[in-house]
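Residue numbers (the UniProt record's numbering): 26 to 330. Glycine included, every Cβ here is placed at the ideal spot set by N, Cα and C.
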Amino acid sequence: GTTLGSAASGTGRYFGTAVSASKLSDSVYTGILSREFSMITPENEMKIDATEPSQNQFSYGNADRIVAQATSQGARMRGHTLAWHSQQPGWMQSMEGSALRSAMLNHVTQVATHYRGKIYAWDVVNEAFADGSSGARRDSNLQRTGNDWIEAAFRAARAADANAKLCYNDYNTDDWNQAKTQAVYRMVQDFKSRGVPIDCVGFQSHFNSNSPVPSNYRTTLQNFTDLGVDVQITELDIEGSGSAQADKFRTVTNACLAVARCTGITVWGIRDTDSWRASATPLLFDGNGQKKAAYTAVLDALNGG
Ligand code: G3I
């Protein structure tokens with residue numbers, strides 16, 4: 026293949042990017058987007074604060090514009106995200122207990138229903154585990170509604186959309202030997218054993234010098250798929266430049282390609298200047314939209330080189 030999407034397609038996978046609705050009027054941006062990418066994740070537009078700014082009043086305009094772009098270029102969509110401790114609207118931040126539990130489940134039901142039939146995979150729950158050595162859940166208003174909030178969200182999502190793949194998504198879960206990785210693994214194992222509807226696990230994979238690509242990354246991906254779920258690399262970006270950065274992108278791409286149920290890779294933005302951490306220059310295109318060495322490394326890896 027001569028593009029990321031077509032090369033990934035040759036391996037039975039997709040290649041995606043995060044997209045911001047506010048950039049869809051930038052023709053350099055949309056030119057690269059429609060040429061290279063076969064999956065789209067809204068960077069912010071499907072989050073809780075965007076889709077339910079006032080309780081039970083839903084707002085889908087920006088997210089729908091991204092879905093329309095995906096349709097027009099023949100790309101699929103990853104929904105991000107139905108339940109999360111962050112980017113909650115003010116009304117939800119101030120809720121707790123059974124009222125919050127009901128509001129969260131209503132949110133999951135309404136949004137998953139609105140997008141039923143249009144979503145390849147949903148990040149049903151995002152970032153629910155703590156960093157560090159505890160292996161514990163992250164404290165949040167959602168966690169304080171009871172430890173079963175995650176499975177309740179997955180069951181509500183399945184009831185609303187029987188065909189979307191339902192994923193758990195997190196960061197710092199790439200190193201097999203980390204407590205957080207082990208904790209997520211045990212949750213997925215538990216969900217599979219009890220019939221909680223989970224289909225996939227997303228590895229955000231935001232890498233930098235403090236959290237480099239671990240040497241056991243491929244093992245981590247493989248071990249999760251051995252539980253009977255798909256995995257995806259969902260928010261890939263790698264701090265750096267030149268051939269060192271390109272080598273890391275190649276390693277990550279090859280890790281996914283080596284795992285049969287790693288179904289695709291998404292980078293968290295198009296140009297370095299589009300990144301949430303632009304100073305890290307962590308993406309595949311420079312600020313002018315030119316292909317970087319990292320782009321060529323990924324394309325070559327996808328093409329089997
Ligand atoms: O759109 C408003 C604008 O109107 C306002 O004037 C401005 C003032 O702060 O804020 C703008 O919203 C910002 C939004 O990005 C759009 O640019 C928010 O403040 C800012 O918090 C938000 O950051 C996003 C961040 O998630 C929030 O948690 C990043 O774009 C987005 O890349 C980032 O993505 C997350 C994933 O969802 C989950 N995994 C980690 C990843 C990186 O942090």
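Could you check if residue i belongs to the surroundings of the ligand G3I, using beta carbon to heavy atom distance under 7 angstroms?
i: histidine 110; result: no
i: tyrosine 196; result: yes
i: histidine 132; result: no
i: tryptophan 147; result: no
i: asparagine 69; result: yes
i: asparagine 151; result: yes
i: glutamine 94; result: no
i: glutamate 264; result: no
i: glutamine 229; result: yes
i: tryptophan 174; result: no
i: glutamate 260; result: yes
i: lysine 105; result: Residue identity differs from the one stated: residue 105 is histidine in this sequence, not lysine. Answer for histidine 105: yes, Cβ within range of the ligand G3I.
i: tryptophan 201; result: no
i: tryptophan 293; result: yes
i: alanine 301; result: Position check: residue 301 holds tryptophan in this sequence, whereas alanine was assumed. Result yes, Cβ under 7 angstroms from the ligand G3I.
Got a sec: does the ligand COA put a non-hydrogen atom nearer than 7 angstroms to the Cβ of residue i?
i: asparagine 235; result: Because the ligand COA does not appear in the structure shown, any question about it cannot be addressed here, the ligands present being the ligand G3I.
In this structure, what does DSSP give as the bridge partners for residue i?
i: valine 256; result: Val226, Cys287
i: leucine 327; result: Looking at the DSSP assignment, leucine 327 forms no beta bridge with any residue, so it has no partner.
i: lysine 72; result: DSSP, once it has assigned bridges, lists no residue as partnering lysine 72.
i: glycine 312; result: None; glycine 312 has no bridge partner.
i: arginine 103; result: Ala146
i: glutamine 82; result: Ser79
So, is residue i buried or exposed, given that buried needs 16 or more other C-beta atoms within 10 angstroms?
i: glutamine 270; result: buried
i: arginine 219; result: exposed
i: proline 78; result: exposed
i: arginine 211; result: exposed
i: glycine 30; result: buried
i: aspartate 164; result: exposed
i: glycine 115; result: exposed
i: threonine 259; result: buried
i: glutamine 257; result: buried
i: serine 300; result: buried
i: aspartate 255; result: buried
For chain B, check one thing: does any of its Cβ atoms lie closer than 8 angstroms to the Cβ of residue i?
i: glycine 115; result: Judged by its chain identifiers, the structure shown contains no chain B, having just a single protein chain.
Ignoring anything shorter than 4 residues or poking outside the segment 40 to 66, list the alpha helix (DSSP H) runs there in chain order.
-> 52 to 61
For the segment 202 to 243, list the beta strand (DSSP E) runs that are entirely contained and at least 3 residues long, ordered along the chain.
-> Counting only runs of 3 or more residues that sit fully inside the segment 202 to 243, the beta strand (DSSP E) segments are 225 to 228, in chain order.
Meets three-Cβ-pair contact criterion under 8 angstroms: the segment 79 to 90 and the segment 154 to 167 | no
contact_flag[the segment 280 to 288, the segment 307 to 324] where n(CB pairs < 8 angstroms) is 3 or more = no
Can you check the segment 138 to 203 for any beta strand (DSSP E) of at least 3 residues that lies completely inside it and give the ranges in chain order?
-> 146 to 151, 190 to 195
Evaluate the contact criterion for the segment 32 to 47 versus the segment 288 to 298: three or more CB pairs, one atom per stretch, below 8 angstroms.
-> In this structure the segment 32 to 47 touches the segment 288 to 298; the number of beta carbon pairs closer than 8 angstroms is three or more.
Please confirm if the segment 190 to 208 is in contact with the segment 236 to 244, defined as three or more CB-CB distances below 8 angstroms between the two stretches.
-> yes
Do three or more CB pairs link the segment 182 to 195 to the segment 113 to 132 at distances below 8 angstroms?
-> no
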